[in-house]
Every structure is written in C-alpha cells, then in structure tokens.
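Residue numbers (the numbering used here): 19 to 241.
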C-alpha cells in the first residue's frame, strides 16, 4: 500500500469530540443492554426456572402426558395387543402347526414317494410332444406345403384364367345381348311408339277438353 493510500489519523481537535460523543451515546446503550440481560437472567433464575420446574413441567407431565399415556396404553395398545395375540397370532400359529405343516409334510411325502411316477410321466409327455412335433413338421412339409403349392398353382393358372375368360365372355356376350335385345328395343318402342301418341293425345284431345271444361265452369260461375 502506498503512502497516499494509508489511512491518516484524525487530528486531535476532531478526535476528542468524537470520543466524547461515543461515550455519551454508546456507553448508556451498552449499559442498558447489559442491564437488560442481567434483568432477564434474574427473571429466568428466580421466576422462569422455578415456574417451569414447579408449574409447567408438572402440568405437562401430570395433566397431559400421564392421561395421554394412560389412554394410549389401556385404550389402544393393550386391546390391540390382545386382539393381535389372541385373535390373530394364536389362531395363525395353531393353523400353521396343526394344519398347514402336516399338510405340507404330507404333500412333500407324497411327491417324494411318487417322484418316479412324475418323472416317468414327464418323460412320456416330453417324448409325446416331440413325436407330435415331428409328425406335424412332416405333415406340414410333405403334405400341407405341396397341397398349398398345388392350390396356388391351380388358382393362378386355372381359376384365374377361367374367371377372366368368364368375365370377358359376360361383358362381350350377355351384356351385349341384354343391351341390343332388351334395352335398345324397349328404348325404341318407348321413344317412337309410346311417347308420340301420348304426346299427341295430350296436346290435341286432353288439353283442349280441359280448356273447354274450364271455360264452361267459369261461365256458369262454378269456378
């Protein structure tokens, strides 16, 4: 640190007033704080500690803790323990000891006694499964596959061409026959033999008669 940056002491004419003000304001606050701490310590020693020891602690222990402990012990814990021991655990132990354990022992003895039979049965079932698998594989390979290929061949080279030929014949024979033997004659008859007479009768007979009838009715006041 350079000499310019060093903190210069206050001059004497300014330091003494500051010290006097510090004594005037700081010392009373410090004394008041220490006095407050002493008063609080004496209050705790002669009032708070005895009150806590002889009033609050006995109240919490005899009024709250002991009744709560008594209620918890005699109304909850002891009845629940009795229920758990006499209604759950004891019957469960009896059931395991006199029923489940002998039953499990009997099942184990039966399985142990019949183990050769189960082993033989398992071997038979395994060999049967293998035989069935071998037979199904051979049937699929030598029977179903050739049949499927034959069906596919017949479908592709027989059924499809025949169906195509039938469709072509239908489109070029039945449809054409229906068109030129039924549709065209019916259309010709309707267009040239039915429509013109009906139109002539409507224009030259029905319409004039309707007009005359309308005029007569209008003259007579009936319309």
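Backbone N, C-alpha and C define an ideal beta-carbon position, used for all residues, glycine too.
For residue 77, no alpha helix (DSSP H) encloses it, and the DSSP letter there is neither H nor E. Annotation for residue 63: no alpha helix (DSSP H) segment contains it, and DSSP assigns it neither H nor E. Residue 208 and residue 219 have their alpha carbons spaced roughly 15 Å apart. Fully contained in the region 104 to 150 are the following alpha helix (DSSP H) runs of length 4 or more, in chain order: 108 to 113, 119 to 131. Straight-line measurement puts the Cα of residue 50 at about 10 Å from the Cα of residue 56.
Counted as a single uninterrupted DSSP element, the stretch harbouring residue 222 is not any alpha helix (DSSP H), since DSSP gives it neither H nor E. Where residue 184 is concerned, the enclosing alpha helix (DSSP H) starts and stops at 178 to 187.
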